[in-house]
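Asker: Numbering (the UniProt record's numbering), first residue to last: 1 to 266. We put the beta carbon where it would ideally sit given N, CA and C, even for glycine.
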């Protein structure tokens, strides 16, 4: 039991630490087209006994060997199953990159540092292969536009396949009930019928006997009349307060207010 526990603790410690033996190794980071990455990920390229999948050719100016701007990188692909894939690529190098490191992880969870990124490259087909690459891009675009949906004719016309499954009846019935429910009609959408003008004026005088100031919204609710029709009568009978303590309300004109007070006294 003690040996098993010690082995477990050792494996746990190994998994929790990062192997930095290759931390100072120089690594290149390269952005490649999808057709190249798929060729490298193929089973034939991943086999252990296969030859190199590509080679990098570095060209420099012998008169200025220390000038980094004179360096030119090209990549030549090895044999590939895709005959239309370009075989020659240019590598555009960038040095002003954010410091990055490469890590790997085994199936047992052990993490190792594989090196630090020294150069970054953008990979693109060379001019003599650009037409081949355009053809591949067009084919890829055409494939993405193909619709995978199909129409299937059901031979069984008795509707067995379209019957609801057990447990779905309650859900279907509830959704049908929800659809049948009519949307509640808002108060502003209700069409109000106009009263007789004389009858409405009597109602208005009684309302102003109850309280001296009313807003238009309150009068619409009390009289159940269209707002526009009510405004016409208010403009004849009332004064609109634009300021003061009763701002935004209507009150009877002085001549009508006096007759209402006399009526109330009688």
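For residue 118, I'd like the list of residues in its chain whose CB is within less than 6 Å of its CB, leaving aside the five on either flank, ordered along the chain.
Answerer: 26
Asker: The alpha helix (DSSP H) spanning residue 251 covers which residue range?
Answerer: Residue 251 -> not in any alpha helix (DSSP H); beta strand (DSSP E) instead, spanning 250-252.
Asker: Decide if the region 212-226 is in contact with the region 191-200; the criterion is three or more beta carbon pairs, one per stretch, under 8 Å apart.
Answerer: yes
Asker: Relative to the alpha-carbon of residue 112, which residue among 231, 211, 16 and 210 has its alpha-carbon at the smallest distance?
Answerer: Nearest C-alpha to residue 112: 16.
Asker: Between which two residues does the alpha helix (DSSP H) containing residue 63 stretch?
Answerer: Counting along the chain, residue 63 falls outside any alpha helix (DSSP H), and DSSP gives it neither H nor E.
Asker: Please list, in chain order, all residues of the same chain as residue 114 whose beta carbon is under 6 Å from its beta carbon, the five residues on each side excluded.
Answerer: The residues are 22, 102 and 104.
Asker: Have a look at residue 9 and residue 142 and give me their C-alpha separation to the nearest angstrom.
Answerer: Residue confidence is low: residue 9 scores 46 on pLDDT, short of 50, so the model does not pin down where it sits. No coordinate-derived value is stated.
Asker: Within 7 Å (strictly less), CB to CB, does residue 117 reach chain D?
Answerer: Looking at the structure shown, chain D is missing, and only one protein chain is on hand.
Asker: Leaving out five residues before and five after residue 212 in sequence, what residues of the same chain have Cβ atoms less than 6 Å from its Cβ?
Answerer: 251
Asker: Exposed or buried, residue 137, counting other C-beta atoms within 10 Å across all chains shown (16 or more means buried)?
Answerer: exposed
Asker: Between 244, 34, 204 and 247, which has its C-alpha nearest residue 232's C-alpha?
Answerer: 204
Asker: What is the DSSP secondary structure of residue 215, counted as helix, strand or coil?
Answerer: Residue state, collapsed to three classes: coil.
Asker: Ends of the alpha helix (DSSP H) at residue 201?
Answerer: 197-210
Asker: Please go through the same chain and pick out, in chain order, the residues whose beta-carbon is closer than 8 Å to the beta-carbon of residue 241, but skip the five residues on each side of it.
Answerer: 213, 247, 248, 249, 250 and 251
Asker: Taking all protein chains shown into account, do 16 or more other C-beta atoms lie within 10 angstroms of the C-beta of residue 57, making it buried, or fewer, making it exposed?
Answerer: exposed
Asker: Just how far apart, CA to CA, sit residue 100 and residue 129?
Answerer: 32 Å
Asker: With DSSP collapsed to three states, give me the class of residue 238.
Answerer: strand
Asker: Out of curiosity, what's the CA-to-CA distance linking residue 94 and residue 59?
Answerer: 16 Å
Asker: Tell me residue 88's beta-bridge partners as DSSP assigns them.
Answerer: 76
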